[in-house]
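**Q**
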Amino acid sequence: MKGYTRTLLAGATALTYPVFAFAQDKAPENLLPPEAPVVASQPVRGGADDVTAPKQATTPPPVMEATPVVQQVAPLVQVWSVGDAKALLGVIASIGSEGLNPKDYNPDALSAAIAAGPGDTLNQTASQAFQWLVEDLRDGRTPMDDRKQWFVVDPDPDLYPTGEIMADALASHNIAGALKALNPTKPDYARLRDALAETTDPARRKLIMANMDRWRWLPRDLGQQYLLTNVPEYQLRLTVNNKIISTYKTIVGKPGRTATPQLAETVEGVIFNPTWTVPQSIVKGEGLGAKVLNNPGWAKAAGYKGWKDPKTGFVTVVQQPGANNSLGLMKLDMPNPHAIFLHDTPSRNLFNRDQRALSHGCIRTERAQELAITLAILGNLANTPETRKAAADEAVAISTSGKYTRVPIEKQVPVYITYFTMGVDINGKLRAFSDIYGRDAPVLASFDKPRVANRARKTDEKVVEIIDDLQT
Numbered sequence: 003m004k005g006y007t008r009t010l011l012a013g014a015t016a017l018t019y020p021v022f023a024f025a026q027d028k029a030p031e032n033l034l035p036p037e038a039p040v041v042a043s044q045p046v047r048g049g050a051d052d053v054t055a056p057k058q059a060t061t062p063p064p065v066m067e068a069t070p071v072v073q074q075v076a077p078l079v080q081v082w083s084v085g086d087a088k089a090l091l092g093v094i095a096s097i098g099s100e101g102l103n104p105k106d107y108n109p110d111a112l113s114a115a116i117a118a119g120p121g122d123t124l125n126q127t128a129s130q131a132f133q134w135l136v137e138d139l140r141d142g143r144t145p146m147d148d149r150k151q152w153f154v155v156d157p158d159p160d161l162y163p164t165g166e167i168m169a170d171a172l173a174s175h176n177i178a179g180a181l182k183a184l185n186p187t188k189p190d191y192a193r194l195r196d197a198l199a200e201t202t203d204p205a206r207r208k209l210i211m212a213n214m215d216r217w218r219w220l221p222r223d224l225g226q227q228y229l230l231t232n233v234p235e236y237q238l239r240l241t242v243n244n245k246i247i248s249t250y251k252t253i254v255g256k257p258g259r260t261a262t263p264q265l266a267e268t269v270e271g272v273i274f275n276p277t278w279t280v281p282q283s284i285v286k287g288e289g290l291g292a293k294v295l296n297n298p299g300w301a302k303a304a305g306y307k308g309w310k311d312p313k314t315g316f317v318t319v320v321q322q323p324g325a326n327n328s329l330g331l332m333k334l335d336m337p338n339p340h341a342i343f344l345h346d347t348p349s350r351n352l353f354n355r356d357q358r359a360l361s362h363g364c365i366r367t368e369r370a371q372e373l374a375i376t377l378a379i380l381g382n383l384a385n386t387p388e389t390r391k392a393a394a395d396e397a398v399a400i401s402t403s404g405k406y407t408r409v410p411i412e413k414q415v416p417v418y419i420t421y422f423t424m425g426v427d428i429n430g431k432l433r434a435f436s437d438i439y440g441r442d443a444p445v446l447a448s449f450d451k452p453r454v455a456n457r458a459r460k461t462d463e464k465v466v467e468i469i470d471d472l473q474t
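No gaps in the numbering here: position 322 of the sequence shown is 324 in the working numbering, and each next residue is one more.
In structure tokens, the structure reads:
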């Protein structure tokens, strides 16, 4: 495995890997095998470059009476000059290049207000048009009801308040620049915008517009390092410093109740050699519980441990770590109410299929051990060559130990589970992907309807916890 470690590091020499510390997960007793190791080194903190270390005050602050603080919020109606309003009208006239409809922003009313000159009507009309443009460019035009199974909450309205953007635009007299700065920064969005300019087919234009809008649903800043999986593409990307450093095939949820939802979560740890608590649909429904309890020799050989609660009769079966474990050799600990996570699989032959909507919701990842080791290195704090190599050696040793071990992630690694039906594939080609869950139709239809004002930021769809039986 030393050779594997050197290959892993050599393949990513441009990266700055931080040091990391491994720690045994404090999991419930019925989930951990009794031989699970306890590893308890501490992360390196407090150095000159450690931005995560809390700043220490030299003297304690004085005790003072609490005074209410009123936060000043820039108003949504501000004073517009005729020149700035004309610049806004020019933006509206060209907003079709960003996949939006100029008619949504009342250009006729704005033209009339400009002709009437400065005053309340111009201030109200221009402010409203600017506000709607900000909302659509920053947050997306599609109403939440039409974003099926979209559970991402976009932080951008809080980070880039509409009133402040308007105030800055009017102060600088750069209306176009202030609005342009709201566009998604990812190259994928720019490729879609270029394709829109070159496309005359109405159906293809709408599909491009829908997928441009999907980029606006996400945060503008995805993070310094993150995982992004596009469900219809069956691919996962690991991005560091705006560069894709690795891609992995995925297996996603079957259409229907177990379709994979769209989420933005955070990896809190990498679990090497995980256990799997078998769902009751198999324990009871398929008789596995009785088989494990009645055939201890077979259960041990198959890697199962089971027990019955003497009071309730409830049978629990846990598959122990090993090559045949249904979670494979790793899972990413990313707590969320849907119980969705990324993990390995012993059925790696399934990655050879073109259509891989096969799971019960969770995302299975090829080369999962490589991904786990890489994240264990990227997700923590120091970055000297010596600590990087030591970290990689330790990660390889833990991953091949056969023992359940959780590596905590100290440095934030977001995971975005997205749904783009047109985008740049892993080979750099812009193409369409099959709409495997039928989620395009409501988005496309929303572009034919009047713009919805005062849109919700959160979906009211019910969160369904998916119990993945890991069977295909």
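Ideal Cβ positions, reconstructed from N, Cα and C, are used throughout, including at glycine.
For the alpha helix (DSSP H) holding Glu137, just list the boundary residues, first then last.
**A** For the purposes of this step, residue 137 is taken as residue 135 along the sequence shown, with counting starting at 1. Residues Asp122 to Asp141.
**Q** Taking the DSSP output, what are the residues bridged to Asp335?
**A** Numbered from its first residue, the sequence shown carries residue 335 at position 333. Asp335 is bridged to Gly271.
**Q** Give the secondary structure of Glu463 by DSSP, where H, G and I count as helix, E and B as strand, and everything else as coil.
**A** Counted from its first residue, the sequence shown places residue 463 at position 461. Looking at Glu463 - three-state DSSP - the assignment turns out to be coil, as it is neither helix nor strand.
**Q** So Arg193 and Val409 are supposed to be a Cβ contact under 8 Å. How far apart are they, rounded?
**A** Counted from its first residue, the sequence shown places residue 193 at position 191. Counted from its first residue, the sequence shown places residue 409 at position 407. In fact, because the Cβ distance is near 36 Å, the residues do not count as touching under 8 Å.
**Q** Alpha carbon to alpha carbon, how far is Ile116 from Leu124?
**A** Residue 116 sits at position 114 when you count from the first residue of the sequence shown. Residue 124 sits at position 122 when you count from the first residue of the sequence shown. Looking at the two C-alpha atoms, the distance is approximately 6 Å.
**Q** Taking the straight line between their C-alpha atoms, what separation do you get for Ile284 and Arg216?
**A** Position 282 of the sequence shown holds residue 284. Position 214 of the sequence shown holds residue 216. Between Ile284 and Arg216, the C-alpha separation is close to 38 Å.
**Q** How long is the line joining the alpha carbons of Pro444 and Arg149, rounded to whole angstroms?
**A** Translated into the one-based positions of the sequence shown, residue 444 becomes position 442. Translated into the one-based positions of the sequence shown, residue 149 becomes position 147. The alpha-carbon atoms of Pro444 and Arg149 are separated by roughly 7 Å.
**Q** State the Cα-Cα distance for the pair Gly562 and Asn244, rounded to the nearest angstrom.
**A** Any answer about residue 562 is impossible in this case: the structure gives the chain only from 3 up to 474.
**Q** Please report how far the alpha carbon of Ala261 lies from the alpha carbon of Val319, in whole angstroms.
**A** Within the sequence shown, residue 261 is the residue found at index 259, counting from 1. Within the sequence shown, residue 319 is the residue found at index 317, counting from 1. Roughly 26 Å separates the two Cα atoms.
**Q** How is Leu329 classed by DSSP in three states: helix, strand or coil?
**A** What you label residue 329 is simply residue 327 of the sequence shown in a count that begins at 1. Coil.
**Q** Do you know offhand how far Ala131's Cα is from Met168's?
**A** Here residue 131 is taken as the residue at index 129 of the sequence shown, counted from 1. Here residue 168 is taken as the residue at index 166 of the sequence shown, counted from 1. Between Ala131 and Met168, the C-alpha separation is close to 11 Å.
**Q** Per DSSP, what kind of secondary structure is Asn232 in: helix, strand or coil?
**A** Locating residue 232 in the sequence shown gives position 230, where the first residue counts as 1. Looking at Asn232 - three-state DSSP - the assignment turns out to be strand.
**Q** Relative to the C-alpha of Val233, which residue among Asn382, Asn103, Val93 and Leu360 is closest?
**A** Position 231 of the sequence shown, counting from 1, holds the residue named residue 233. Of Asn382, Asn103, Val93 and Leu360, the residue nearest in Cα terms is Leu360.
**Q** What's the gap between the Cα of Lys391 and the Cα of Glu166?
**A** Taking the first residue of the sequence shown as 1, we reach residue 391 at position 389. Taking the first residue of the sequence shown as 1, we reach residue 166 at position 164. Cα to Cα, Lys391 sits roughly 47 Å from Glu166.
**Q** Could you spell out the range, first to last residue, of the beta strand (DSSP E) harbouring Thr367?
**A** Translated into the one-based positions of the sequence shown, residue 367 becomes position 365. Its beta strand (DSSP E) spans residues Ile365 to Thr367.
**Q** Which two residues bound the contiguous alpha helix (DSSP H) that contains Thr164?
**A** To locate residue 164, count along the sequence shown from 1; it is residue 162. Run containing Thr164: Thr164 to Ser174, per the alpha helix (DSSP H) assignment.
**Q** List the residues that DSSP assigns as beta-bridge partners of Ala359.
**A** Position 357 of the sequence shown, counted from the start, is the residue given in the question as residue 359. Note: Ala359 sits in a beta bridge opposite Val254.
**Q** Around the Cβ of Thr187, are there at least 16 other Cβ atoms within 10 angstroms (buried) or fewer (exposed)?
**A** Against the sequence shown, residue 187 aligns to sequence position 185. Classification of Thr187: exposed, given that the 10 Å Cβ count is below 16.
**Q** Under three-state DSSP, which class holds Tyr418?
**A** Residue numbering aside, residue 418 sits at position 416 when the sequence shown is read from its first letter. Per DSSP, reduced to three states, the secondary structure at Tyr418 is strand.
**Q** Please look up how many angstroms separate the CB atoms of Gln321 and Tyr306, rounded, as I've assumed it's under 8 Å.
**A** Looking up residue 321 in the sequence shown gives position 319. Looking up residue 306 in the sequence shown gives position 304. Contact flag correct, Cβ pair sits at about 6 Å.
**Q** May I ask you to list the residues that DSSP assigns as paired with Trp309?
**A** Stepping through the sequence shown from its first residue, residue 309 is reached at position 307. Partner(s): Thr318.
**Q** What are the start and end residues of the beta strand (DSSP E) that includes Thr241?
**A** The residue labelled residue 241 in the question sits at position 239 within the sequence shown. Gln237 to Val242 is the extent of the beta strand (DSSP E) around Thr241.
**Q** Quick check: what's the CA-CA separation for Gly299 versus Leu290?
**A** Within the sequence shown, residue 299 is the residue found at index 297, counting from 1. Within the sequence shown, residue 290 is the residue found at index 288, counting from 1. Cα to Cα, Gly299 sits roughly 14 Å from Leu290.
**Q** Identify, in the order they occur along the chain, each residue of the same chain with its Cβ nearer than 8 Å to the Cβ of Phe343, setting aside the five sequence neighbours on each side.
**A** For the purposes of this step, residue 343 is taken as the residue at position 341 of the sequence shown. Same-chain partners within the cutoff: Lys333, Leu334, Asp335, Met336, Cys364 and Ile365.
**Q** Going by alpha carbons, who is nearest to Ile469 out of His362, Leu102, Ile246 and Gly287?
**A** As a working note, residue 469 is residue 467 in the sequence shown. Closest option to Ile469, Cα to Cα, is His362.
**Q** Which residues does DSSP pair with Trp278 in a beta bridge?
**A** Translated into positions along the sequence shown, residue 278 becomes position 276. Beta-bridge analysis with DSSP links Trp278 to Gln321.
**Q** Are Leu432 and Ile411 closer than 8 Å when you measure CB to CB?
**A** By one-based count along the sequence shown, residue 432 stands at place 430. By one-based count along the sequence shown, residue 411 stands at place 409. Cβ distance not < 8 Å, so Leu432 and Ile411 don't count as in contact.
**Q** Between which residues of its own chain and Ala178 is the CB-CB distance below 8 Å, once the five residues before and five after are set aside?
**A** By 1-based counting over the sequence shown, the position of residue 178 is 176. Correct list, in chain order: Ala89, Gly92 and Val93.
**Q** Within this structure, are the beta carbons of Thr202 and Arg358 separated by less than 8 Å?
**A** Here residue 202 refers to the residue found at position 200 of the sequence shown. Here residue 358 refers to the residue found at position 356 of the sequence shown. Contact flag unset, no.
**Q** So, Ala95 versus Pro104, is the Cβ gap smaller than 8 Å?
**A** The residue you call residue 95 lines up with position 93 of the sequence shown. The residue you call residue 104 lines up with position 102 of the sequence shown. In this structure, Pro104 lies closer than 8 Å to Ala95 by Cβ.
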